[in-house]
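Participant: Chains as they are written, first to last, in the working numbering: chain X, 2 to 164; chain C, 2 to 164.
Quick one: the structure is below, and I'll ask about it shortly.
Protein chains: 2
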Amino acid sequence: MPHDHSAFAPHDHAACAGGTLALAEQRLAEVGQRLTPVRRRTLQILLESHRALGAYDVLERLVADGFANQPPVAYRALEFLEEQGLVHRIRRLNAFAACMHPGEAHAPAFLICRTCHAVAEAPAAAVGEALQAAADTLHFTIERSTIEALGLCPTCTGAAHAD
Amino acid sequence: MPHDHSAFAPHDHAACAGGTLALAEQRLAEVGQRLTPVRRRTLQILLESHRALGAYDVLERLVADGFANQPPVAYRALEFLEEQGLVHRIRRLNAFAACMHPGEAHAPAFLICRTCHAVAEAPAAAVGEALQAAADTLHFTIERSTIEALGLCPTCTGAAHAD
DNA sequence: ATGTTTATGTTATACTATAACGCAGGAGCG
DNA sequence: CGCTCCTGCGTTATAGTATAACATAAACAT
Numbered sequence: 002m003p004h005d006h007s008a009f010a011p012h013d014h015a016a017c018a019g020g021t022l023a024l025a026e027q028r029l030a031e032v033g034q035r036l037t038p039v040r041r042r043t044l045q046i047l048l049e050s051h052r053a054l055g056a057y058d059v060l061e062r063l064v065a066d067g068f069a070n071q072p073p074v075a076y077r078a079l080e081f082l083e084e085q086g087l088v089h090r091i092r093r094l095n096a097f098a099a100c101m102h103p104g105e106a107h108a109p110a111f112l113i114c115r116t117c118h119a120v121a122e123a124p125a126a127a128v129g130e131a132l133q134a135a136a137d138t139l140h141f142t143i144e145r146s147t148i149e150a151l152g153l154c155p156t157c158t159g160a161a162h163a164d
Numbered sequence: 002m003p004h005d006h007s008a009f010a011p012h013d014h015a016a017c018a019g020g021t022l023a024l025a026e027q028r029l030a031e032v033g034q035r036l037t038p039v040r041r042r043t044l045q046i047l048l049e050s051h052r053a054l055g056a057y058d059v060l061e062r063l064v065a066d067g068f069a070n071q072p073p074v075a076y077r078a079l080e081f082l083e084e085q086g087l088v089h090r091i092r093r094l095n096a097f098a099a100c101m102h103p104g105e106a107h108a109p110a111f112l113i114c115r116t117c118h119a120v121a122e123a124p125a126a127a128v129g130e131a132l133q134a135a136a137d138t139l140h141f142t143i144e145r146s147t148i149e150a151l152g153l154c155p156t157c158t159g160a161a162h163a164d
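Here you go:
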């Protein structure tokens, strides 16, 4: 399994990103969806760092690669990737991050460092279950959930800087 | 305790809103903050329904009450109320909802009905603990968390309509 | 090759949020 | 009373996020 490490831990990132991209291609092929150039490049851009990027940040980089400088170019690619479970939306930041576990069923929880803006997907099965239990008591049917925590990653906690 | 019921259950809403407003005034007095006319009216507007309203929706109603038709009027009041723990921000909707348990320490979970847009604050202590546990394994320090679920409330589940 | 579907290019606009400055009114103090 | 300090509000302007709608083109199936 290519991603047993956290975004916060040092790791061979080229392999990490490459492996995830390969996994993503495989998933798309399985469901008969196409990883077109914009989509592929968009995913690569997000995979280059374990950080969340705004749609306009992504667009900026797409433009540098020759794509049109229009918001829908980025939004469409991001929306597609999100639908396919390859990208997650970080609502707290109005931003997007590549999924590190494509294909694995997961209602992910995100840990967002407010200092270095790194984003990790935490193992969140227990969180999801607790939320489901809370919803059950109110007879609410959950369809999608957003679980995000803002704080300090291990590195930035150590540095102990103020914001 | 005025709010042992859920937003999804029928209840005496006038009492519910009035009680929460009184509680809010009390909290503010305790910490030496002022519930000015805009702030009071903003809170009332949010208390009128167990739903999340966008800042511009709030503004529209404030304007109807004679306040200036400028975004900062609404945003300032909402920001103040949020800082005081009297209003919560619903990230998923870019909207705001009145807190139903002012003063009680809580990292709330929100259940948002995608059909009728009702928003309930669910008991979420267990969810928070699970999230904290997940963060601990990655040595991440949580400062603020966002827990939101989108789905169907009991009423709309019954109606079983498509979106 | 032709029709169908899917994806992209392009223009325009809607929606969300904040910066920055100036004025008004109350609070504390001589 | 007059001063000034502080808070909150009015106001203008603009920044940042997201989508609607229609035109063009590429890919796919037959």
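We put the CB at the ideal spot given by N, CA and C, even for glycine.
Assuming L63 of chain C and A75 of chain C make a contact with CB atoms under 8 Å, what is their CB distance in whole Å?
Facilitator: Counting from 1 along the second sequence, the entry for residue 63 of chain C is found at position 62. Counting from 1 along the second sequence, the entry for residue 75 of chain C is found at position 74. With a Cβ gap of about 6 Å, L63 of chain C and A75 of chain C count as contacting.
Participant: Assuming A98 of chain X and T43 of chain X form a contact by the criterion Cβ under 8 Å, report the distance between their Cβ atoms to the nearest whole angstrom.
Facilitator: Start at 1 with the first residue of the first sequence, and residue 98 of chain X comes out as number 97. Start at 1 with the first residue of the first sequence, and residue 43 of chain X comes out as number 42. About 12 Å; that fails the 8 Å criterion.
Participant: What runs of the beta strand (DSSP E), each 3 residues or longer, lie entirely inside the segment 114-158 of chain C?
Facilitator: 120-123 and 142-153
Participant: Does the beta carbon of P155 of chain X come closer than 8 Å to any beta carbon on chain C?
Facilitator: On the first sequence, residue 155 of chain X is found 154 positions in, with the first residue counted as 1. Answer yes: the Cβ-Cβ gap between P155 of chain X and chain C drops below 8 Å somewhere.
Participant: Anything in chain X within Cβ reach of A127 of chain C, meaning under 8 Å, just list it in chain order.
Facilitator: Here residue 127 of chain C corresponds to residue number 126 of the second sequence, with the count starting at 1. Result: A131, A134 and A135.
Participant: Are V88 of chain C and F68 of chain C close, meaning C-beta to C-beta below 8 Å?
Facilitator: As a working note, residue 88 of chain C is residue 87 in the second sequence. As a working note, residue 68 of chain C is residue 67 in the second sequence. No. Outside cutoff.
Participant: CA-CA distance, E105 of chain X and A25 of chain C?
Facilitator: The residue labelled residue 105 of chain X in the question sits at position 104 within the first sequence. The residue labelled residue 25 of chain C in the question sits at position 24 within the second sequence. Cα to Cα, the separation comes out at about 44 Å.
Participant: Straight-line CA distance for H4 of chain C to E80 of chain C?
Facilitator: For the purposes of this step, residue 4 of chain C is taken as residue 3 along the second sequence, with counting starting at 1. For the purposes of this step, residue 80 of chain C is taken as residue 79 along the second sequence, with counting starting at 1. For H4 of chain C, the pLDDT reaches just 49, beneath the cut-off of 50, and the residue's location in the model is therefore unreliable, although a value from the coordinates is still provided. For H4 of chain C and E80 of chain C, the distance between alpha carbons rounds to 24 Å.
Participant: Tell me whether G129 of chain X is buried or exposed, calling it buried when 16 or more other Cβ atoms sit within 10 Å of its Cβ.
Facilitator: As a working mapping, residue 129 of chain X is identified with position 128 in the first sequence. By the neighbour-count rule (16 or more Cβ atoms within 10 Å), G129 of chain X is buried.
Participant: Provide the residue span of the beta strand (DSSP E) that contains F9 of chain C, from first to last.
Facilitator: Walking along the second sequence from the start, residue 9 of chain C turns up at place 8. For F9 of chain C, there is no enclosing beta strand (DSSP E), as DSSP marks it with neither H nor E.
Participant: Our contact map puts G152 of chain X next to E144 of chain C with C-beta atoms below 8 Å; I'd like the distance itself, whole angstroms only.
Facilitator: Position 151 of the first sequence holds residue 152 of chain X. Position 143 of the second sequence holds residue 144 of chain C. About 4 Å separates the two Cβ atoms, so the contact holds.
Participant: With C-beta atoms as the reference, is E122 of chain C less than 8 Å away from P103 of chain C?
Facilitator: Start at 1 with the first residue of the second sequence, and residue 122 of chain C comes out as number 121. Start at 1 with the first residue of the second sequence, and residue 103 of chain C comes out as number 102. No; because the gap between Cβ atoms is not below 8 Å, this pair is not in contact.
Participant: Give the DSSP-derived three-state secondary structure of R35 of chain C in the structure shown.
Facilitator: Residue numbering aside, residue 35 of chain C sits at position 34 when the second sequence is read from its first letter. The answer is coil: DSSP assigns R35 of chain C none of H, G, I, E or B.
Participant: Just grab the DSSP bridge partners of V1 of chain C for me.
Facilitator: A query on residue 1 of chain C cannot be resolved here, the shown segment of chain C reaching from 2 to 164 and no further.
Participant: Kindly identify the DSSP beta-bridge partner or partners of I91 of chain X.
Facilitator: Walking along the first sequence from the start, residue 91 of chain X turns up at place 90. DSSP, once it has assigned bridges, lists X:A96 as partnering I91 of chain X.
Participant: Run through DSSP, which three-state label would F68 of chain C get?
Facilitator: Here the question's residue 68 of chain C lines up with position 67 in the second sequence. Residue state, collapsed to three classes: coil.
Participant: I'd like to know if P38 of chain X contacts chain C, where contact means its C-beta is closer than 8 Å to some C-beta of that chain.
Facilitator: Indexing the first sequence from 1 puts residue 38 of chain X at position 37. False, the Cβ-Cβ gap to chain C never drops below 8 Å.
Participant: Please name the residue in C:I91, C:L36, C:T156 and C:A96 whose C-alpha comes closest to that of L60 of chain C.
Facilitator: To locate residue 60 of chain C, count along the second sequence from 1; it is residue 59. Of C:I91, C:L36, C:T156 and C:A96, the residue nearest in Cα terms is C:A96.
Participant: Return the chain-ordered list of same chain residues with a C-beta closer than 7 Å to the C-beta of L22 of chain X, the five sequence neighbours on each side being excluded.
Facilitator: Within the first sequence, numbered from 1, the residue matching residue 22 of chain X stands at position 21. Once the five neighbours on either side are set aside, the close Cβ partners of L22 of chain X are L44, Q45 and L48.
Participant: Using only the alpha-carbon positions, how far apart do T147 of chain C and Q27 of chain X sit?
Facilitator: Here the question's residue 147 of chain C lines up with position 146 in the second sequence. Here the question's residue 27 of chain X lines up with position 26 in the first sequence. Rounded to the nearest angstrom, the two C-alpha atoms are 32 Å apart.
Participant: For A18 of chain X, which three-state DSSP category applies?
Facilitator: On the first sequence, position 17 is the one that residue 18 of chain X refers to. Of the three classes helix, strand and coil, the one that applies to A18 of chain X here is helix, per DSSP.
Participant: Compile a chain-ordered list of the residues in the segment 86-103 of chain X whose CB is closer than 7 Å to at least one CB of chain C.
Facilitator: R92 and R93
Participant: Any beta carbon from chain X within less than 8 Å of G152 of chain C's own beta carbon?
Facilitator: The sequence position of residue 152 of chain C within the second sequence is 151, counting from 1. Taking Cβ atoms only, chain X reaches closer than 8 Å to G152 of chain C, which makes this a yes.
Participant: Is it the case that the Cβ atoms of F141 of chain C and F9 of chain X are separated by a distance below 8 Å?
Facilitator: Here residue 141 of chain C corresponds to residue number 140 of the second sequence, with the count starting at 1. Here residue 9 of chain X corresponds to residue number 8 of the first sequence, with the count starting at 1. Against a cut-off of 8 Å, the Cβ pair of F9 of chain X and F141 of chain C comes out as a contact.
Participant: What's the call for A125 of chain C, buried or exposed, on a 16-neighbour Cβ count within 10 Å?
Facilitator: For this step, residue 125 of chain C is matched to residue 124 along the second sequence. Result: buried.
Participant: Take Q133 of chain X and list the residues in its own chain whose beta-carbon comes closer than 8 Å to its own, dropping the five residues that flank it on each side.
Facilitator: Translated into positions along the first sequence, residue 133 of chain X becomes position 132. In the same chain as Q133 of chain X, and ignoring 5 residues on each side of it, the C-beta atoms closer than 8 Å to its own belong to I143, in chain order.
Participant: When DSSP labels each residue in this structure, what does A108 of chain C get in the three-state scheme?
Facilitator: For this step, residue 108 of chain C is matched to residue 107 along the second sequence. A108 of chain C falls in the coil class under three-state DSSP.
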